[in-house]
Structure formats: structure tokens, C-alpha cells
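Number of protein chains: 2
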Amino acid sequence: MILKSQVEWALHCCAILAGLPEGRYLSTKALAEFHGLPKEYLSKALQSLSQAGLVHTTLGPSGGYRLAKAPAELTFLEIVEAVEGRTRTFVCTNIRANNPCRAPGYCDETPCAVARIMWEADEAWRDKLRSVRLSDLVEILAKEIPSDLWKRSFQWVLERAG
Amino acid sequence: MILKSQVEWALHCCAILAGLPEGRYLSTKALAEFHGLPKEYLSKALQSLSQAGLVHTTLGPSGGYRLAKAPAELTFLEIVEAVEGRTRTFVCTNIRANNPCRAPGYCDETPCAVARIMWEADEAWRDKLRSVRLSDLVEILAKEIPSDLWKRSFQWVLERAG
DNA sequence: AGAAATAGGGATATTTTTTGTCCTTAATAG
DNA sequence: CTATTAAGGACAAAAAATATCCCTATTTCT
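Heads up: the protein sequence lines correspond to chains A and B, in order. Going by my numbering, the first sequence opens with residue 1, and the numbers climb by one from there. Going by my numbering, the second sequence opens with residue 163, and the numbers climb by one from there.
Spelled out as C-alpha cells, the structure:
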């Protein structure tokens with residue numbers, strides 16, 4: 001069970017978009033080139049962000065993506081779920097229903113105990129992701145990325161932002 | 163990203179094995195029949211439990227599986243990891259290394275910040291699973307499964323345990 | 001000794017998911 | 001009018017999940 005690589009891509013892209021000046025847009029092409037990713041496929045991840053309402057888009061030359069809200073209002077969970085979906089990581093197929101000792105028409109009232117426990121763990125994972133904001137990531141990056149690289153990257157993005 | 167169905171199977175099988183009297187064994191055949199699962203494939207999940215040292219096995223008629231330790235000493239995490247593996251759910255492909263602004267030979271000192279955050283969430287998931295023991299599950303099941311069904315199931319298993 | 005049942009594990013097949021490419025359409029900027 | 005963009009559908013390739021089949025060594029029972 002491994003998350004799609006698109007999750008990683010989306011998070012890094014959002015980090016870049018977080019640094020974009022107000023009202024400007026960055027294209028799939030620029031984001032793909034910056035991260036060394038296949039443009040067409042990255043596009044699917046960005047479309048997921050768009051459909052989830054996390055980013056705004058514009059068409060035409062100088063078009064592209066920008067965040068739909070402030071980095072402090074955008075959580076990791078929102079980004080992860082936009083790409084990966086909201087279905088729980090544990091799926092209960094209710095195999096207890098196959099127990100040969102059960103009465104034929106017997107119907108369960110509560111979800112399976114195994115599933116409930118697994119879902120609690122799933123929730124713990126989501127709680128953690130919900131507690132981290134995009135702005136937290138940007139703060140960390142600003143601290144640990146060498147300032148010259150940080151500046152050059154910022155400049156690189158600005159030159160390509162519509 | 164969804165866990166293998168074998169995880170569900172392994173958890174349910176361990177719950178059954180937890181009720182097995184000291185020194186007795188239950189076969190793949192019985193476990194598969196009880197849960198309505200494909201015997202050959204379930205066998206792979208049980209082999210994973212065996213390789214992880216969570217269960218003991220014996221060969222021959224009356225052979226099968228029993229827990230290698232008390233249900234109170236066996237955590238959900240151990241079972242899940244035995245089947246699903248111990249690799250983290252988020253894999254970092256270090257796409258920051260593709261940044262065109264980086265100096266050619268530049269080498270990162272710390273893991274990517276995005277990965278660190280995702281791994282923390284992964285740890286939260288594992289922490290939760292580690293906090294639940296197989297005996298906790300058995301307690302819950304004992305409470306919510308109708309007592310006649312519980313007894314019949316126990317009997318069913320006993321009749322097939324070697 | 002022989003027959004039957006078992007776990008272990010290798011080989012293979014099928015299905016689903018992930019990853020990726022290609023192309024068309026509508027919108028936008030210059 | 002042209003170039004560029006996002007959106008999205010169709011399709012292809014690769015990887016992973018889900019099986020199935022078969023052989024071997026071991027154990028139990030007769």
C-alpha cells in the first residue's frame with residue numbers, strides 16, 4: 001500500500017504555488033520542468049487539485065494555476081485527498097458474514113470491529129495530515145533550503161509566471 | 163491506496179486463533195472455510211504471519227496454525243506489517259533534486275521536508291495500530307457477537323482444530 | 001509400510017491500479 | 001489569427017493485487 005507519486009508531486013507543486021505573487025499563475029509546463037516530471041501526467045494531478053477547488057486556473061498564454069486560498073488555510077490532508085481520493089485505506093469486505101454458523105438471514109447492526117479499529121488508525125493518519133498546513137511546509141523549506149538556491153528558484157518561477 | 167485484502171483476512175484469522183485452546187492447531191482449510199475465502203491465497207497470508215514469527219505451524223493431518231504468543235502480546239501493527247510489509251506508505255522520489263536551479267553536485271543533508279511530514283502521518287497510523295492488541299479485539303467481539311453465534315463458532319472451530 | 005492431510009513455496013495467470021502518452025476542444029492573450 | 005493554455009477522453013504500458021496450480025517434505029493415522 002503506497003500512495004500515488006502524484007501525491008508527492010501535488011504537495012511540491014503547492015509549495016511552489018504558495019510562493020507565487022498575488023494574481024499570478026504558473027503553468028503545468030513550468031511546474032513539470034521545475035520538478036523534472038512528465039508534463040501530461042502531472043497535469044492530471046493538477047486537474048485533481050482544480051476539481052477539489054484547491055487551485056484556480058486560467059487559460060491561454062500566461063495561464064496556469066494559483067492557490068485558491070492562503071497557504072495557512074490549506075492543509076496537507078486536503079491536498080492528499082484531492083489526489084488520492086477520500087476512500088479509507090482499509091476496506092471491509094465483511095467476511096464475518098461468511099461464518100457458516102450464522103443464521104441465514106442474520107444482519108449485522110454495527111460495522112465489523114476489525115474495520116472500526118483499522119478506520120481509527122486511518123483517522124489518526126488523516127488527523128495528522130489535517131494538522132499540517134501548507135504554510136508550515138513553506139516555513140520549514142525557507143529555513144533549510146540554502147538561501148541562494150531559494151532565491152534562484154524564486155526567480156526561476158517568477159520568470160515563468162503569467 | 164488501499165490495504166491488501168489479506169490484511170483483513172489475517173486479522174480475522176488471528177482473532178479465531180486467539181480463541182484456540184493451548185497447544186491446538188487450526189488448518190488453512192478450516193480458516194478459509196470459516197471466512198469464505200480462497201484457501202490457496204489465504205495460505206499466502208498465513209505464510210506471511212509464519213515468516214514474521216507471529217504464528218507457529220505443524221505439518222500433517224491435525225496440523226495448521228496457532229499463535230506464537232498470547233493475544234495480549236500481539237498488536238494490530240505486527241499483523242498488518244507481517245502481511246502488508248514495513249515500507250512506509252509515502253515514498254519520496256526526491257524530486258527536489260531535479261530543480262534546475264541547483265548546483266550540479268549539490269547533495270541534500272536531510273530528507274525532504276515533504277517526506278518527513280508524510281512519514282510523521284504514517285507513524286501516527288502505525289502508533290495507533292501498535293496501541294491495539296489482539297486481546298482488545300477479542301474483548302470487543304465477545305461483547306457484540308450474539309452469544310449463541312459465539313458459542314456455535316467456538317464449537318465449529320474446536321471440531322476442526324488438531 | 002502406506003495413505004491421507006498438512007504447510008511451504010515456486011510458477012503462472014488474471015484482474016486492477018498506477019503511470020504515462022496522445023489527441024481534441026474551448027478559452028485566452030497578444 | 002496565432003500561439004499557448006487547462007480540461008478531459010482514449011488508449012497503452014508497467015506494476016501490483018489476487019488468485020490458481022502443482023510439487024515437496026513432514027506428520028498423523030491406519
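Don't be surprised by glycine CBs; every beta carbon is placed ideally from N, CA and C. Keep in mind it's a predicted model, so treat the numbers as computed, not measured.
Inside the region 13-79 of chain A, DSSP marks whole beta strand (DSSP E) runs of 3 or more residues at positions 55-58, 64-67, from first to last along the chain. Following the DSSP letters along the chain, one finds D122/A inside the alpha helix (DSSP H) bounded by residues 113-130. I95/A is classed as buried because its beta carbon has at least 16 other beta carbons within 10 Å across all chains shown. For the pair S309/B and A97/A, the Cα-to-Cα distance works out to about 16 Å.
At the C-beta level, A68/A and G53/A come within 8 Å of one another.
In this structure Q168/B is buried. Its beta-carbon is surrounded by 16 or more other beta-carbon atoms within 10 angstroms. Judged by DSSP in its simplified three-state form, R96/A adopts helix. Take the alpha-carbon of L74/A and the one of H12/A: they are about 13 Å apart. For the set G19/A, F76/A, K4/A, I16/A, the Cα lying nearest the Cα of E282/B is the one of F76/A. Rounded to whole angstroms, the gap between the alpha carbons of E109/A and K305/B is 13 Å. Chain A has a Cβ within less than 8 Å of the Cβ of L165/B.
When the alpha-carbon of A18/A is set against those of A103/A, A30/A, E84/A, V55/A, the nearest one is in V55/A. Looking at the DSSP output, R133/A bridges to T75/A.
Neighbours of S315/B in chain A, taken as residues whose beta carbon is under 8 Å from its own, are N99, C101 in chain order. Only Y106, E109, T110, C112, A113, V114, A115, R116, I117, M118, E120, A121, D122, E123, A124, W125, R126, D127, K128, L129 from the region 104-130 of chain A bring a Cβ to less than 9 Å from some Cβ of chain B.
DSSP, reduced to helix, strand and coil, places K305/B within a helical segment of the structure shown. Interface criterion not met: the Cβ of V83/A is under 8 Å from no Cβ in chain B.
Closest by C-alpha distance to T220/B, out of G185/B, F252/B, G247/B, L199/B, is G185/B. If the five residues before and after V157/A are omitted, its C-beta is found closer than 8 Å to the C-beta atoms of I16, G19, L20, L26, A30, F34, all from its own chain and listed in chain order. For E144/A, the residues of chain B that pass the 9 Å Cβ criterion are E271, T272, A275, in the order they occur in the chain. In this model, S62/A and D284/B are separated by some 38 Å (Cα to Cα).
T89/A sits buried, since 16 or more C-beta atoms from the chains shown fall within 10 Å of its C-beta.
Secondary structure of V138/A (DSSP, three-state): helix.
Interface with chain A (8 Å Cβ-Cβ cutoff): I241/B is excluded.
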